[in-house]
Amino acid sequence: METGTILDREEIVQHIQEIADQIIARHGSNKEIALIGIRTGGAFLATRLRKTLVESGVPTPSLGILDITLYRDDWTKISSIPIVGKTELPFSIDDRLLILVDDVLYTGRTVRAAMDALMDYGRPKKIELAILADRGAENRELPIAPDYKGGTWTTSAEQTINVYLEEAGFEDHAVIEKKKAA
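What follows is the structure in structure tokens.
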């Protein structure tokens, strides 16, 4: 696939609404839903998704933020001194329906790390996955698939999808870019 912008601000808003609609279609007004954003991009999207669900009439879902730094299987390749962010789960996850939220799904390893991290906090009833941008099932290294997604863009191993959001100081947009050399 060519590099360049794949989502502008309006399309990101539209995809978040579509994900909210998919969740509502499956779960209605279930009060046991908790959104768990994977730090950092997923945390911003979980906050937006929560707002969209509430605006659509769903009772305010619980919101948590999960840092997976030490659960990643590649953290030693990224840095010899990991920068660990704060996990914020101000509620029990036991017997709850959790929806993990992240910006991009690629190999599935981030999601696996998030599930490993969650198990250290309790035993959820069920975990589902909401993704803004799916890089395609052919790129998966683990048997992980989204329950809810904004869209799919098949990319090569030399490419990446980056989602830039206002909360991180950018104008909202998502792009396919060439991977930077390590």
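If you read the sequence shown in my numbering, its first letter stands for residue 13, the second for the next number, and so on.
Just so you know, even glycine gets a beta-carbon here, dropped at the ideal spot from N, CA and C.
None of these values were measured; they are calculated from a predicted model.
Span of the beta strand (DSSP E), counted from its first residue to its last, around Ala186: 185-190
From the DSSP output, read off the bridge partner residues of Asn174. Val187
Helix, strand or coil, according to DSSP, for Ile93 in the structure here? coil
Buried or exposed: which applies to Ile93, given that a residue is buried once 16 or more other Cβ atoms fall within 10 Å of its Cβ? exposed
Is the shortest distance between the beta-carbon of Glu179 and the beta-carbons of chain B less than 8 Å? Here chain B cannot be found, since the structure has a single protein chain.
Figure out for me which residue from Met127, Gly134, Ala180 has the closest Cα to the Cα of Glu140. Met127
DSSP bridge partner residues for Ala129 (one or two, in chain order): Answer by DSSP bridge pairing: none, since Ala129 is not bridged.
Whose CA, out of Arg60, Asp159, Gly49, Thr72, lies closest to the CA of Ala125? Gly49
Among Leu101, Lys137, Lys192, which has the Cα closest to the Cα of Ile80? Leu101
Count the other CB atoms within 10 Å of the CB of Ile28; is the residue buried (16 or more) or exposed (fewer)? buried
Range of the contiguous beta strand (DSSP E) that encloses Lys138: 138-146
Ser46 by DSSP, collapsed to three states: which one? Reading the sequence as shown, one finds Ala at residue 46 and not Ser. Ala46: strand per DSSP, three-state reduction.
Delimiting residues of the beta strand (DSSP E) encompassing Lys63: From DSSP, Lys63 is part of no beta strand (DSSP E) but of the alpha helix (DSSP H) over 53-67.
Looking at the structure shown, is Thr167 part of a helix, part of a strand, or coil, going by DSSP? coil
Boundaries (first-last residue) of the beta strand (DSSP E) holding Ile77: 74-78
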